[in-house]
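Remarks on the structure that follows.
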Amino acid sequence: MLRLLIIFLLFVPSMFAQTKTVAERLGYPADAKLLIIHADDLGVAHSVDAASFDALDKGAITSASILMTCPWVSEVVTYAKAHPDADLGLHLTLTSEWETYRWGSLAPADKVPSLLDQAGTLWSTEHLAAQNVKPAEAELEIRAQIERALALGIRPTHLDSHMGALYSTPELFAIFVKVAHEYHLPIRVAKFQAVATSAQSPLSEKDIKLDAIVIEGTQAARDKWIEFYVEAIRNLKPGLSEMIVHLGYDDAELQAVTVNHEPYGSAWRQRDHNVVNSAEFKKALKDNHVILIKWRDVQKLLAQP
185 MLRLLIIFLL
195 FVPSMFAQTK
205 TVAERLGYPA
215 DAKLLIIHAD
225 DLGVAHSVDA
235 ASFDALDKGA
245 ITSASILMTC
255 PWVSEVVTYA
265 KAHPDADLGL
275 HLTLTSEWET
285 YRWGSLAPAD
295 KVPSLLDQAG
305 TLWSTEHLAA
315 QNVKPAEAEL
325 EIRAQIERAL
335 ALGIRPTHLD
345 SHMGALYSTP
355 ELFAIFVKVA
365 HEYHLPIRVA
375 KFQAVATSAQ
385 SPLSEKDIKL
395 DAIVIEGTQA
405 ARDKWIEFYV
415 EAIRNLKPGL
425 SEMIVHLGYD
435 DAELQAVTVN
445 HEPYGSAWRQ
455 RDHNVVNSAE
465 FKKALKDNHV
475 ILIKWRDVQK
485 LLAQP
């Protein structure tokens, strides 16, 4: 009986720990509204890097992730070394969406032929990637991207997926989760995504799942940009949410990179940059009692028993 009592007492703290909300585990009230404001696509262009670094430095965003396949990564490496506390993850990449600005794999092309189109670049859409990419070759590529980041001195705080390609099939998602677990990194995954794949989900009980993801698609009127984000803040529920933005300056470089591609293009990224730096956006965060956190905070939870 004494042995059973000891086992029960040892087990009880772990039961209580599992019932705590993410907010409580981070030291906030159970009903706190936690938000990561996150910028995608560092490394794709100098304009994107400059706007994102500006927002990180000013606290307008709390996190960003890097396209390791792109040429402006060297600029991100310099920034990361000068700002070791910057919350930088990896935007794992199986696609290359722009019309005239293209990139290929980091893994040798002959090792990952299913990832590449006839021009030798990554597929232009997540749908083409889902149709063609072999999971084993995708694993080689995302490992190459992670190892390249580590070799350059970047210590990622999390992993996410460019254009959502790694969520596009259960097989690719399983590879994504497997690799994240091996590197002890959190991944961007929401509870609704976990439920959708629950029959064969590779996620563990330790994986932290977002309660909501806010991202501007193509629905909002271009002259009502800030209204979309302010309304999204007002509608945040208690829990852990992420707001994904795409930052850049509407200059000649980014106009050339995103030519003939208005969604997530140059003007789009300038609008996002203007919003997150605006007084109205910051006031909405304060008025709705939103607590800004980083992926680094989530990463620390993975180390907890």
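Heads up: the sequence shown begins at 185 in my numbering, then just goes up one per residue. Built from N, CA and C at the ideal position, the CB exists for glycine as well.
Asked: Just mark P489 as buried or exposed, buried being the case when its beta carbon has 16 or more other beta carbons within 10 Å.; Found: exposed
Asked: Given this structure, state the Cα-to-Cα distance separating P319 from P297, to the nearest angstrom.; Found: 12 Å
Asked: For W282, collect the residues of the same chain with a Cβ closer than 7 Å to its Cβ; drop the 5 residues on either side in sequence, then sort them by chain order.; Found: V441, T442, H445
Asked: Have a look at V361 and I392 and give me their C-alpha separation to the nearest angstrom.; Found: 12 Å
Asked: For Y263, count the other beta carbons within 10 Å of its own beta carbon; 16 or more makes it buried, fewer makes it exposed. Which is it?; Found: buried
Asked: Name the DSSP beta bridge partners of D250, please?; Found: Asp is not the amino acid found at residue 250; the sequence shown has Ile there. Answer by DSSP bridge pairing, in chain order: L226, L274.
Asked: Excluding the 5 residues preceding and the 5 following S198 in the sequence, name in chain order all residues of the same chain whose CB lies nearer than 8 Å to its CB.; Found: With a pLDDT of 44 at S198, under the threshold of 50, the modelled position of that residue is not reliable, and no figure is offered here.
Asked: Where does H267 land, buried or exposed, given buried means 16+ other C-beta within 10 angstroms?; Found: exposed
Asked: Which residue marks the beginning of the beta strand (DSSP E) containing S345, and which one marks its end?; Found: 343-345
Asked: Thinking just about the alpha-carbon of each residue, which of A216, I220, M252, K204 is nearest to the one in L226?; Found: M252
Asked: Provide the residue span of the beta strand (DSSP E) that contains A396, from first to last.; Found: 396-399
Asked: Can you tell which of L387, D238, G432 has its C-alpha closest to the C-alpha of H365?; Found: L387
Asked: Going by Cα to Cα distance, which pick from L424, T246, K470, T341 is closest to D215?; Found: L424
Asked: Give the straight-line distance between the Cα atoms of I397 and W287, rounded to the nearest whole angstrom.; Found: 28 Å
Asked: For K217, list the residues DSSP reports as bridge partners.; Found: G423, V474
Asked: Expressed to the nearest angstrom, what Euclidean distance is found between the alpha-carbon atoms of A201 and P340?; Found: Reliability of the predicted coordinates at A201 is poor, the pLDDT of 46 falling under 50, and the value obtained from them is presented with this limitation in mind. Their Cα atoms are separated by approximately 26 Å.
Asked: Between I410 and V459, how many whole angstroms is the CB-CB distance? I'm expecting something under 8 Å.; Found: 5 Å
Asked: Tell whether a beta-carbon distance below 7 Å holds between L278 and A349.; Found: yes
Asked: Please say whether S345 and L276 have beta carbons closer to each other than 7 Å?; Found: yes
Asked: So is T284 buried or exposed if we call it buried at 16+ other beta carbons inside 10 Å?; Found: exposed
Asked: What residues match up with A374 in a beta bridge as DSSP calls it?; Found: L394
Asked: What three-state label does DSSP hand S382 in the structure shown?; Found: With a pLDDT of 49 at S382, under the threshold of 50, the modelled position of this residue cannot be trusted; read the value that follows with caution. Helix at S382.
Asked: In the DSSP assignment, find the unbroken alpha helix (DSSP H) run with V257 in it and report its ends.; Found: 257-266
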